[in-house]
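The structure appears right after this line, and notes come after that.
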Amino acid sequence: MSLQIMGTQLRNLIVSLMLLIGSVTAVCAQTILVQGKVLDSRGTPLPKVSVTVKLDNSTHTTTDKEGKFSLQVPEKSVLVFTLTGKKTTETPATTTPLEITLEDGEEQQKGSTVTTMRQTTSIQTKYYPLWVIDGVVYKQDSTFNTADLASTDAKRLIAAALPGLSERDIESFTVITDASATALYGNQATGGVISVRTRHAGQGINRFTYTSQLTYRFIPSYREFNILNSQDQMSVLKELEGGGSLSPETVLYQTRYGVYGLMYDNAIKYKNKEYLQDNTLEGRTRYLQEAEMRNTDWFKELFQHSIRHQHTVSLASGGQVSNFYASLGATIDPGWAKVQSENTYFFNLNATFKPHKYWTFGTIVNASYTRDHDGGDFTPLSVAQTLSRTMDPTQYYLYEFAPYNIKEEMNQNYRDVDAVNVRLQASIAYRPSTKFNASLLGSIQYYNDLTEFIRTEKSNASERFRAMNKRLIRDRNSYLYKPADDVYAVPRVVMPHGGYRTIQEYASRRFDLQARATYTDTFAEGKHALTLVGGTDLYDYLERNGWHNEYGVNFEIGQLSTFDPMLFHWLHDRRNNYYSRSTTIYRNVSFLGNLSYSYLGRYTLDGSFRYEGTNRFGKSRLVRWIPTWNVALGWDVSSESFFPSLSPLSSLSTRLSYGMTGTLPSVYNSYQRIKGYLPFRPGDHSSPSLYISEPANHDLTYEKMYELNWNLNFGLLKDRIGVSFSLFSRQGRDLVDISYNQGTGGFFKPYGNVASMEAKGVELSLTTQNVKTQNFSWTTSFSYARNTNKVTKLLSQSDVSTLVSSSSGAAREGYPLASVFSIPFYKLSSEGFPLFYNSKGQIERDHINFSATEDLDYLKYSGTLTPTDQGGLNNSFRIGNFTLSAYILYSFGSIKRLPAEFSTTYYDYEVLGHEFNRRWKAPGDEEHTNVPSIPTADQRNRYPNLSQAYTTYDYSDVRIARCDYIQLRDVSLGYSIPKSLLTKSFLSSVDLKLQASNLFLIYSDKKLNGALPYAYTPHSLIFTCTVGM
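In structure tokens form, the structure reads like this:
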């Protein structure tokens, strides 16, 4: 019995010992010690590299001065290596000592670091930011607001600008504003570069993520537009009526009318044994009172409450040999306006395959399809801003002599868009040693946009072809055909049935090929480091653009065609066509080289050169090749032995660079340019012809921009305060502009390299970690950029009209580009007419010479259309698992000319601004207002040139407003569900975020009368939910 008990106890002891050894082994196996060294591409050790465990920022360390690190991490972890200015690298944790190389790359923007691109130096050419996706050029973008790059919501806004990408698909982005942009991507990057890097999977990653984003856009409000309400609008109309400007004989035979025209028209229409409008004083008064109190809200009539939702699923997986990231998503938008809807479906794949330690293959696939439905000739937002609030949304008014109801027109006049975008990219890299690597990258991009404009037989756009119910209308309707050689002919209808359709197609195809070879070596025990890069880039870009019209389409009876051949005569006499096609091919090849030298890892010398050729100038070899070069010196003061004594500085570096960028001129007539055209001749006497559009200019060369740039970066108090400061100066030489001559060859104003200008600026970025504890942190980011320019040489002589009325501003020697000048306003006369100073300082009313090119110093410089000072302020708070941020955007230094809305003749359908509430009404008002009177019919007859005075008033200095503003751009609140609550589920993370965008203006110029100083963007609430597993 005792032996049995002893055996049992021995067995239990052995089992206990085995369990104890197994548990100890398991515990020991749960964590491992990872050691290694981090180097740059030259083999120089990198200090202060952040080493963290992916998805667990609580475990982290930084490398020492020799680039070494040591970290205890859970087994099967993935380490993330991060350093400003280097590409983030991920690698699985292992007990084998690691040697990590961080390549020079794109710095992810955090906080308010960049809010504007630097101003370029070109008179005739406008440059816009260049999108670069995964190292390959996509396109220039004239619509993207670069101020949004400083927002905490920048990734979402970037994704909205690039087809086929969601916010989740973007890993990082960088903004390049100096001369290095053109050194990397050629002269097409003169306007700066926004380089986007899409997400990819690291080694040891297996993760499935679902993201849902819901966006609610508020209906626009009249508070954000300078538009009179119906009471104030009717006050103007009654004054017009009293002055004899809204008489029936005048209104009824206009191409368009509003409330008065409808009243007069119904007064003569007889239906059901009575007139549609009581034509007595009481009846007309009652009708006009209803219009006065109507106050139609066209935004509510045309827009709706709706929620746009985007859903994205992504899968990331990686191992030692291969890794990939794939995402599939859809954006369903029921439409901000009632007639709008848009559905987009997209797919992304980013895969890397490394079958051998020397070879790496990569592929990227991005594809998207969009189906869009929207208003056709009348877009909801623009229409709502141009319709009088006195008008009834249920009534039919007149537009181009045909019945017009905007709500019905939106259903009968619309467009459908089908767009396909595909990007295929493949790369191969060969790295036989740490000293040499070579790579080859190829990319094909294809885009096709098919737009179908539909105007049904019931649309106003189609009915105007058949409007001839009155003789005067018949004689004035330009949509009817009257033979040019028969003055007695009766106009006839050219589209008696159906509507018409316009089909537009735009297609582009771009092929890119990049080859690079890099040699890196160190000498003298690492004191000297040298990197040499050589390569070539080429691209072939083809775009096709065209449209054609189909007339007489009966949409309600199976799209039956009822085409009238007489329509061809109508098109011919109007010098119009029914189709157009164009094909453009751009080819470009570049050779580039880069040298980078470093001494002791603290002194650097970088030099780059690029030689770029283009086919823009045809067979001419005179200006085919364009050079670009850049030289830079850098000093990392933090690596000096004396730096520790510079407390409280924790980091300090500076960089000085100088370079020249050659850019394509706006004209390409190195040889004469010959084009074809069809002269206008009656009958069948026309035949295609050729003409010289531009004379040969063998002296034409590329424009040159020389840039000097100095940058200073430093940190204080262990980098809790980070500052980046830059100064730059740009000199534009050999700029293209008009060059006056004696008219040789029949051209009096050819273009040549005759102008020059300069630009300079300062950029400041400040980031502070105000408070940082385990459960609370507060970070502030502030940015400021100032950009100014001046035209230093200009041979062209602009006239008064160009200087005061150009929508893009004017160029004038000694002033900034995009300048606006104004005619100096004196005061109103005793009759309420505007008076001005002329070139001799005399008081003038209606004889200002808009064609004058001399004695222009009397014009008042009002400012520039381009902001000079821009920036942003962002505050971010973290309280436990909650995050809160607020972003304020500001812009100063630009002006705008208020809309030209003053005239001697007004109409009952026009929309007027709040200025008319301050208009001159009686003698003596000229002492306290500068808004002119509304002329009567008698005054127009007595003063035949009076309209010139009102035109001049629109271009006077009183019609200038400043575009300075401060806006609360974004406020967001985020919450991450604690991981302790998810341990028993298959979920690894759940993140929620609520954001409000474009909230309100904190400050703007009162002269805008409520109108926004920038393009209207809807206020929106955005809810985002991200689930990872």
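Residue numbers (the working numbering): 50 to 1078.
Every residue gets a Cβ at the ideal spot worked out from N, C-alpha and C, and that includes glycine.
Quick caveat: nothing in here was measured; it's all calculated off a predicted structure.
C-beta contact flag for residue i and residue j at 9 Å
i, j, result
"PHE373", "THR401", "yes"
"LYS842", "ALA867", "no"
"LEU938", "GLN1044", "no"
"SER261", "HIS358", "yes"
"SER221", "ARG205", "no"
"ASP467", "THR419", "yes"
"GLU1081", "THR170", "A query on residue 1081 cannot be resolved here, the shown segment of the chain reaching from 50 to 1078 and no further."
"SER699", "TRP684", "no"
"PRO96", "THR112", "yes"
"SER244", "ILE268", "no"
For residue i, three-class secondary structure by DSSP
i, result
"THR138", "strand"
"ASN990", "helix"
"TRP385", "coil"
"PHE427", "coil"
"MET283", "helix"
"HIS621", "helix"
"ALA1060", "coil"
"LYS668", "coil"
"HIS977", "coil"
"SER688", "helix"
"SER191", "coil"
"PRO94", "strand"
"TYR600", "strand"
"SER1021", "strand"
"LYS1033", "coil"
"THR932", "strand"
"HIS358", "strand"
"VAL1076", "strand"
"TYR177", "coil"
"ASP465", "strand"
Cβ-based burial, residue i [other Cβ within 10 Å; buried from 16]
i, result
"ASN518", "exposed"
"PRO1062", "buried"
"ALA1064", "exposed"
"TYR1002", "buried"
"THR1075", "buried"
"LYS318", "exposed"
"THR1073", "buried"
Heavy atom of the ligand PLP within 8 Å of residue i beta-carbon
i, result
"ASN994", "Absence of the ligand PLP is noted for the structure shown, with no ligands found whatsoever."
Closest residue to residue i among the options (Cα-Cα distance)
i, options, result
"ASN760", "GLY771, SER775 and ASP748", "SER775"
"TYR453", "THR1073, ARG550 and THR304", "THR304"
"VAL469", "SER417, TYR446, ASP421 and THR828", "SER417"
"LEU367", "PRO141, VAL853 and GLY801", "Reading the sequence as shown, one finds Gly at residue 367 and not Leu. The shortest Cα separation from GLY367 among PRO141, VAL853 and GLY801 belongs to PRO141."
"ARG559", "SER191, TYR496 and ALA510", "TYR496"
"HIS621", "GLY425, THR828, ARG541 and SER735", "SER735"
"PRO614", "ARG541, ASP586, ASN637 and LEU1057", "ARG541"
"LYS188", "SER878, ALA386, ALA564 and GLY235", "GLY235"
"PHE1049", "THR112, TYR590, ALA935 and ASP957", "ALA935"
"TYR999", "ALA986, VAL980 and ARG1011", "VAL980"
"LEU277", "SER952, THR439, LEU815 and THR571", "THR439"
"TYR5", "GLY725, GLY424 and ALA238", "Within the shown structure, residues of the chain are numbered from 50 to 1078, placing residue 5 beyond reach of any answer."
"VAL869", "TYR886, THR913 and ASP655", "THR913"
"GLY711", "LEU727, TYR755, PRO728 and LEU749", "TYR755"
"ILE793", "LEU398, ALA745, LEU1057 and PRO972", "Reading off the sequence shown, one finds Thr at residue 793, where the question assumed Ile. THR793 has its Cα closest to that of ALA745, out of LEU398, ALA745, LEU1057 and PRO972."
* Asked: Should the stretch 715-731 be called in touch with the stretch 690-707, which here means at least 3 C-beta pairs below 8 Å?
  -> no
Check: Can you find at least 3 beta carbon pairs, one from the stretch 323-330 and one from the stretch 350-368, that sit closer than 8 Å?
Finding: no
Task: Touching by the beta-carbon criterion (3+ pairs, under 8 Å), the stretch 502-513 and the stretch 454-470 - done: yes
I want to know whether the stretch 827-836 touches the stretch 904-918 - three or more CB-CB distances under 8 Å. yes
For the pair the stretch 490-502 and the stretch 512-526, tell me if three or more CB-CB distances fall below 8 Å. no
- Give a yes or no on contact between the stretch 193-203 and the stretch 623-630, applying the rule of three or more CB pairs nearer than 8 Å. no
Inter-stretch contact at 8 Å, needing at least 3 Cβ pairs: the stretch 803-823 / the stretch 776-783:
yes
Do three or more CB pairs link the stretch 636-645 to the stretch 659-671 at distances below 8 Å? yes
**Asked** Any contact of the stretch 975-989 with the stretch 876-886, i.e. 3+ C-beta pairs under 8 Å?
**Response** yes
task = Spell out a yes or no on whether the stretch 276-294 and the stretch 963-974 are touching, meaning 3 or more CB-CB pairs, one atom from each, closer than 8 Å.
result = yes
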